[in-house]
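Protein chains in written order, with this note's numbering: chain C, 38 to 658; chain L, 21 to 183; chain S, 83 to 569; chain V, 168 to 270.
Built from N, CA and C at the ideal position, the CB exists for glycine as well.
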Amino acid sequence: MLNSISLFLGSGANIIWFMIVLPVAIGVVLWFLGKHYIPALILSLVSAAVNLLFAVSLYRSEGFYLVFPFSSCGLDIALNVYSFSSMFLLFIAAGFLLIILYSVVFLKEKNYAGCFMLYMYISLAMMNGAFMSDNLGVMLFFWEGLLCTLFGILLINNMHNPKTAVKALTLSGTADLLLMLGIIITAYQAGTLYISQMQKLPVSGISAFGFVCMMLGAIGKAGSMPFHSWIPNAADDAPTPFMVAFPAALEKFLGIYLTARIVMDIYDLQPGSGASIAVMTIGTLTIVLAVAMALIQKDMKRLLSYHAISQVGYMVLGIGTALPIGIVGGLFHMLNHVIYKSCLFMTAGSVEIQTGTTDLRKIGGLAKKMPVTAICFVISALAISGVPPLNGFFSKELVFDAALESNVVFYLGALLGAFMTAISFLKLGRAAFGGEYKLPSAKKYVRESSAGMFLPMGVLAVLCVLFGVANTLPLDGLLCPALGDTEVYSGWPHSTVLVLISIAVLLLSLGDHLYGSKKSGSALDAADHIHYAPVLKNIYNAAEKQLFDPYNWLMHVANGFSALCVFIERCITWLYDDGVVGIVKGAGTLLQRFNDGSLSRYLVVAITGVAGIIVLFLAII
Amino acid sequence: MEAVVYICLGLMFIFGVLAVMFRSILKSAIALAVASAMLGIIMYVLGSVWAAIFEISVCSGLITVIFISAISLSNTDKQDLAKLYEDKERMAFLPTVLIISGVTLLLVVTSPAFSLPAAVPVAEAADTLRETLWIHRQVDIWGQAMVIITGALTVVALFKERE
Amino acid sequence: MQVIEYSAVLFFAVPLAILLINILFPKQLAEKFSIYLAGIAAITQIAASAAGFLLLSAYRLHEYEFSFWDMTNAGSVRFGVNTFSLVILFCIGLVSLASILVANRTVDKKRAGYVNLLMMLMLGMNGMVMVTDLFSLYVFLEIVGIASFVLIAMFKSDTGLEGAFKYLVMSILASIMILTGLSFIFMQTGSLQYAHVVGMNLLEGQSSPQLMLIYAAMTLMIAGFGIKTGAVPFHSWLPDAHQSANTAVSVLLSGIVIKVAGIYGFIVLTGLFSKLPAVNMALAIMGTVSIIIGALFALRQNHFKRIVAYSSVSQMGYILLGLSAGSILGLLGAVVHVFNHATFKSTLFTNAAAVHEQTGTYDIDEMGGLEKKMPVTGFSSLAAFMSTAGIPPFAGFWSKLLIIMALWDSGFQLFAAIALFASIFTAVYFLRLQKKVFFGKLLSKFAGLTEIGGSIKFAQIMLTVVTIATGLFFPFALLYLKGIGIL
Amino acid sequence: MNAFVETAMLVVGFLLIIAGCYGLIRTYHLLKIVIGVEVAMKAVTMFIVLAGFINGKAALAQTFVITVIVIEVVVAVVAVGIAINLYNNYGSMDVRNLKKLKG
């Protein structure tokens, strides 16, 4: 296949450029197409399919290393496509195809469809570029490009109230700043910006600081704590396709990709070392705290968004162990998470489009009217809860295995997370799809969503099952070859004890749910006994008031700092507003007066110029 | 022959400066023609016969005609002339300027940092001018033709449609 | 290879043929149809230069020399094209086409005269770019000069004649300087063909006292081409001439004439004498001063065309800076900037014509909010201004980037920094123009204003598409140039 | 002929150019501007002949001179033509009238 594409594009290496430039061009065209549904649908599907084709052909190729010398400052555009990065290109291309289909259908007749598509395609280009960059500086460029599109896409529908967009920009921007700092330190320590030329750096001294900074930036992009708090806000404000695309899929890929690269290629992270423990702590905290918040949500999208944060914890935990099994588990969990979380958000979007809301208090019993959506939801919810033999189960088992090998505390934390995940999804599923048939007052009837929406959902649900039952396919077919790992992780987990413990936790959660729903009388309030438990009640209250939101802490610091800046700024403003402008304008006026239109003056000026050149020549010779 | 060059050079210089300094435009034009003729003689002595013929016929002839016809086309009246010739004092500095720059130039050319390339004897056959002009420099001939066409178009554009 | 030669012949044959047809036709017919004939000439030139470029790169050649009929003797002057000169030939065609489209609206009488002189101008510029001899370069330079003086003066307004006369006198000064410089070089080499001048290695014996003549020649030629370019401090004539000419002629003058007459001279000069550090330094200083002074002048003007003309002074500074780097990267940046400047400056003058046709004034203080009534003009003006200011991903950004990179590589870091900083000035004076003319509230007297139509609109759209497409596809162009071995 | 004559021609030529430029700058009369230019052009023509004499390529220098003379005449015609048109518009040959374009 590569050969035939190569014939068409001149050289196989040109695919690399096309994967960056083509999406941008297509995005511009889609922007102009705007609300024209059919051409936009065809163009977006075809282009996403072409992108997938390119990605597949790159994946099957031997890899490319391209350098385009751009300047003298070491910022050559070096693109390295090898097994690991081309695997991610493949993931992103496949995911993008489904997401774009869903988005076009979801955004039919919406005014902002064209703009949304433009940002989506630019994001794709940036993402492709980031995966292919070998040069950390160049990767940072693409990384920041993604931040820009994130900001833009959040602004689309909220021009009058850009609070969420600003929050996302501030938090992700801080994470990116840390990443930049980390890259600078790393490059300084390693003596090069090229990942392929780096010897694995030991994590100690200044390098440790660089490691922490880079790691925070990378997992911050994936949505891990402490840079997570914009995601629930976005769930309230942003269009659902955004949630499907960004927090659920694209940002996970990018963040985890870099996390894995840091652990595997850039730094020499020893299992059990302090840095490893720190990363695992962040992962575990993310799992537990985010899922605890998810437990009490009464809105479908918001609940899902907290899970999107929580699940990152498993990936970070897995990769943070620095054990081969943990890394494989983390990456496998990332893949699985993207599949089932996208599917979940898509079902939420489907519900939203049909009923006009995702507030669980207003809806119920939708399974009868929307069977396909309900089936997809159930499959993916079971997957995220870790029910065997779905895909989430196997990846979680790998992560558990790795966590237990490191320290039992992390294992317990992860188990607690799995417990609460299961509870919250039991609650969510029963409240939305089971029980009494209920609709918001404005709606008289609902029906199943269109084929364009449940096609991607269905594909993802089937993948959930397929990657679980036949987990040799992703593990032995994709991940292990890309990582160069020869050990076999596929098949049923090694340790029967762990499996039994996991199943026991699931049964425990089922019991808890039944207890809760009996106590409170409805499935929706099944988690209230945890919410209003004596000590937890106060903590939850504080959390609801956003006292724990790092963004708010950041804002308080920022306010004090800004007061100082205002004073300095006033001084500088005077200089700019009056000082510099006055000088420039005065100079312009003087020149204008001098140029009085007299020919002899023109000639004198010219001859003075000749004299000037003579003086210059004499000075240099 | 050297003496002829010196004399013509001197005359050319004097008439050139006079052409600039004369108040009357007619006198200026005539002084220019004389300077041009002197240049023609210098060219002749240096061996550039055809160039000399061109210089004398075209420059000292045709250009003078152009100036004289321009003067006759613009009947500048007395008052206006007086205004135009306020430049009497303005031109008076020219000799001073020339003396200063002449001394400077002399200092430069006599300094050891400066020398002209040694003269190479002319080693060309008699009919080389024709060959050079018509074969080697054919591009220039084409250029000349275009310049002349442009000149003709200029005359059409600037004079023909005059009301 | 024959094909390239035929396409090169077209550069001379087509304008000459159209000139002949125009002269031989009856006057009424000529007035009516000459403009279409001229359009054919411009389009032929665009096609021929594009074809030539592709052929040249297909044969993996950087330059190709040829001669007409029997100029095959070793010593005779030949014509030659290379990849860079073909880009300039393409610009000549493009700007001529824009000028013709504008002239279709702005020139009422004397169309035949305009077309005749335009053909001479194109001949002169084509000749300048294609000759391989310094003296022939001078001859064609004079053709370009004479044709442009008359194009400015032929409409016989007070200002037109004034601008033409100022341009003429400054230009003659330039001719005197260039010719003196040429005679000094000739004195040393005995020939003025590029190959001979380079082959002579004038700068070999560094200590030779005869070098002083070469330095004098360099000084005079830099000043001479500086006048033709309109670089500060030789710029004074440029805004006068470009403001006073008919707008169709302004498009030509600002769009291409200063670049072929001035910048191309510098390209040749730096190509022949790049070993002289003083030449590069002089160009760098001249370029920097031009950028700053031109921008300062442009800031204080109220005449639409005068602002754009001063912007030309400023932009020529960038091109000079690119040439001063003395590397192939700098040359590439300069040539690309020539191309970009040709497109966006033509756009801006075309817009000036559109605004003047619709509102009857050039004074930007009397305008405001025209964007609402003239969206095409407003948008094309915005695109051109973004390109001029070097805002990515517009075309101007790439050329400025190349120039600054080349400067940095050549050790002129200070100049690179100044060039970067001065981009702000560019943005400021064009923002002022854009704000006063197109943004803001629509004045009540323009309530009945309509968008310009016809050929001017076509020119605006064509040039804007070229500007935007160049910006978007420039990285590919760079890759292509790398592929054919130029970079 | 010795190098002294050649040097003298060089010096006189430069002086003539200076004189021509001086006249160009200082005069008020449009036609005198053209005359100043012509004076300087004389010197330039002489330089070319001198160059041909020194490097032994007299024939080449002659062709240059002939071309330069043709160009010189055409330029003079254009200059005089514009000057006369200006005279028709203003009724005067004063260069100080040319101050409409400034700033």
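- At least one CB atom of chain V sits nearer than 7 Å to the CB of LYS238 of chain S.
- Non-local C-beta neighbours of ALA479 of chain C in its own chain, meaning closer than 8 Å and more than five positions away in sequence, comprise GLY393, ordered along the chain.
- Separation of ILE609 of chain C and PHE421 of chain S (C-alpha to C-alpha, rounded to the nearest whole angstrom) is 39 Å.
- Around the beta-carbon of ALA648 of chain C, fewer than 16 other beta-carbon atoms lie within 10 Å, marking it exposed.
- Note: TYR231 of chain C is bridge-paired with C:ASN172 in the DSSP secondary-structure output.
- Listed along chain C are LEU653 and ILE657, each with a C-beta nearer than 8 Å to that of MET363 of chain S.
- Counting every other CB atom within 10 Å of its CB across the protein chains shown gives GLU173 of chain V a total of 16 or more, marking it as buried.
- In the DSSP assignment, HIS144 of chain S forms no beta bridge with any residue.
- Not a single C-beta of chain C is nearer than 7 Å to the C-beta of GLY190 of chain V.
- In this structure, the beta-carbon distance from ALA330 of chain S to VAL189 of chain S falls below 7 Å.
- Secondary structure at PHE503 of chain S: helix, using DSSP grouped into helix, strand and coil.
- At a C-beta separation below 9 Å, GLU439 of chain S has no neighbours in chain V, since its nearest C-beta there lies roughly 22 Å away.
- In chain order, ASP633, GLY634 and SER635 make up the part of chain C whose C-beta sits under 8 Å from the C-beta of LYS266 of chain V.
- For PHE101 of chain C, the closest alpha carbon among the candidates C:PHE631, C:ILE53 and C:SER140 is that of C:ILE53.
- The C-alpha of ILE128 of chain S is placed about 8 Å away from the C-alpha of LEU171 of chain S.
- Take the alpha-carbon of VAL594 of chain C and the one of ASN198 of chain C: they are about 23 Å apart.
- MET407 of chain C and GLY367 of chain C have their C-alpha atoms some 34 Å from each other.
- For ASP565 of chain C, same chain residues with a beta-carbon under 6 Å away, outside a window of 5 residues either side, are SER557 in chain order.
- Shown here, GLN127 of chain S sits in a helix according to DSSP, grouped into three states.
- A direct Cα-Cα distance of roughly 10 Å separates VAL85 of chain S from ALA130 of chain S.
- Residue-level contact check: ARG157 of chain L touches chain V, since one or more beta carbons of chain V fall below 7 Å from its beta carbon.
- Bounds of the alpha helix (DSSP H) holding PHE426 of chain S are 410-441.
- Against chain S, the CB of PHE231 of chain V has a partner CB under 7 Å away; the residue lies at that interface.
- For VAL37 of chain L, no CB of chain S lies under 7 Å from its own CB, so it is not counted at the interface with that chain.
- Using a Cβ-Cβ cut-off of 7 Å, THR234 of chain V is close to VAL221 of chain S, given in chain order.
- Separation of GLY67 of chain L and LYS387 of chain S (C-alpha to C-alpha, rounded to the nearest whole angstrom) is 52 Å.
- In chain order, ALA39 and PHE42 place their CB closer than 7 Å to the CB of SER48 of chain L, counting only its own chain and leaving out the 5 sequence neighbours on each side.
- DSSP places PHE107 of chain S in the coil class of the three-state scheme, outside both helix and strand.
- With its beta carbon at least 7 Å from every one in chain C, VAL172 of chain V lies outside the interface.
- Cβ neighbours of VAL54 of chain L within its own chain (closer than 6 Å, five residues either side excluded): PHE35.
- HIS566 of chain C sits in a helix when the DSSP states are folded into three classes.
- Cβ proximity to chain S below 8 Å picks out ILE169, THR170, GLY171, LEU173, THR174, VAL176, ALA177, LEU178 and GLU181 from the stretch 168-181 of chain L.
- With a threshold of 7 Å between beta carbons, VAL179 of chain V makes contact with chain L.
- Boundaries of the beta strand (DSSP E) harbouring GLY162 of chain S: 161-164, taken from the DSSP string.
- In this structure ALA656 of chain C is exposed. Its beta-carbon is surrounded by fewer than 16 other beta-carbon atoms within 10 angstroms.
- Separation of GLU453 of chain S and MET157 of chain C (C-alpha to C-alpha, rounded to the nearest whole angstrom) is 30 Å.
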